[in-house]
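Structure record follows, encoded as structure tokens.
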Amino acid sequence: MATKQLGRVARSLLFPVLSLCVTASTTVAQKLALGNAPRLYVGMDDYGTTAGNFFRQNNISTQVRIIYEGSIDPQRVHQVNADSLRAAITRAFPDPQQGGIGVLDIESAPYSTMRKADRGSADFNSAVNDYFIKAIRIAKATRPNVYWGFYGLPYNNFARNSAGSWDATCQKLSPLFQEADILFPSLYERNSRFLTGADLNSDNADNVQGFMQHILSFAVRINKPVMPFIWHRWHPSSARDANHVIPQDEFSRYLQSITKAGKGNPLFKGIVWWGADVYLYRYHKDQLGDDERQQNNFSDYHDSLLMQYGKSALKALQ
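Quick look at the structure:
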């Protein structure tokens, strides 16, 4: 999900077994209560028993399910395959009555078209109505007790000196946002450039805080909860540190900036923590740091890493 090149392959190779995280005996006959205090949600399923126990003991929700585009448009023809989408949703949420949080991950051409095309154009209408809105309506009809939204929307191309342009794009997409139950902007951290193009790690925190403040003001206008996506690794677009683990103090500082911007706003419901570490280790080990490539038991290492960074995330949300 961090980039097209990582996310597209991960959809088909890493996440075909989302249903294993939910047992058929788990029945929730109504939507989850998101609560007043922001909460940490896990949007990954490649962790082991030790990390899973840590999540449960610390009230970290594992009820987020991501429906990747490989299940929405398996033929890559920019058309929703209703049967494939329903099947993926059924695997992710086995019980028709259960609640949870569902995220539709669409990052192909329609995602870019919505931002660039003129409102009312044929391309724009096709992307919004025939792809995004069609997909979320199928999702809602299939599992009505689940909160649904789109990964990466609103867009994260916000800059203080062009806030008006960002607002105009959001206004253009208002029919789509009205369909979503929750907004899931992507706030993965870049090393050398993030959002406004400022350099170095300390500036990343300031930039994301400004963006969060702006997106929350937008959320108030449309009365939609906000749960940004974060990752404990540098964004793959970083020329120097792509997919390397972010230093824990930087990760903490970054999350604190997000939560500081959301403090006191009832629409800030928490953070979705995504990851695909096992996939990276199996298929792109060369992109990891030296110490990670040399791990003899990556599963144990991964669980330990998640617990360390999970503690930082929980502290940031306090």
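Under mature numbering (1 follows the signal peptide of the UniProt record, and there is no 0), read the sequence shown as residues -24 to -1, 1 to 294, first letter to last.
We put the CB at the ideal spot given by N, CA and C, even for glycine.
Here the structure is a predicted model, which means the values were calculated and not measured.
- Restricting attention to beta strand (DSSP E) runs no shorter than 3 residues, the segment 46 to 114 encloses them at 76 to 81, ordered along the chain.
- Inter-residue distance for Y164 and M20 is about 15 Å (C-alpha atoms, whole angstroms).
- The three-state reading of DSSP puts L243 in coil, since its state is none of H, G, I, E or B.
- By the criterion of a C-beta distance shorter than 6 Å, L8 is surrounded in its chain by G75, once the five residues flanking it on both sides are discounted.
- Annotated three-state conformation of R258 is helix, per DSSP.
- For Y230, the closest C-alpha among the options Q284, I206 and Q271 is that of I206.
- About 13 Å separates the beta carbon of F194 from that of N132, a gap too long to meet the 8 Å contact definition.
- The DSSP-derived three-state label of L16 is strand.
- If you draw a 10 Å sphere on the C-beta of A68, you find 16 or more other C-beta atoms in it, and that means buried.
- Taking a contact to require three or more Cβ pairs closer than 8 Å, the segment 38 to 46 and the segment 275 to 291 do not qualify as touching.
- If you look at W142, you'll find it in the alpha helix (DSSP H) that goes A139 to K148.
- Nearest C-alpha to R136 among I109, K116 and I191: I191.
- DSSP places Y123 in the strand class (E or B) of the three-state scheme.
- Closest option to A156, judged by alpha-carbon separation, among L290, K200 and R62: K200.
- Less than 7 Å divides the Cβ of A289 from the Cβ of L16.
- With respect to the 7 Å criterion, I112 and F153 are not classified as neighbours on the basis of their beta carbons.
- For Y107, the closest alpha carbon among the candidates E83, Q73 and H54 is that of H54.
- Note on geometry: alpha-carbon atoms of K291 and S60 lie some 39 Å from one another.
- A contact is defined here as three or more CB-CB pairs under 8 Å, and the segment 212 to 222 meets this definition with respect to the segment 254 to 266.
- Each residue's CA atom was taken as its position, placing Q189 and P204 some 12 Å apart.
- Taking every protein chain shown into account, the CB of D267 has fewer than 16 other CB atoms within 10 angstroms, so this residue is exposed.
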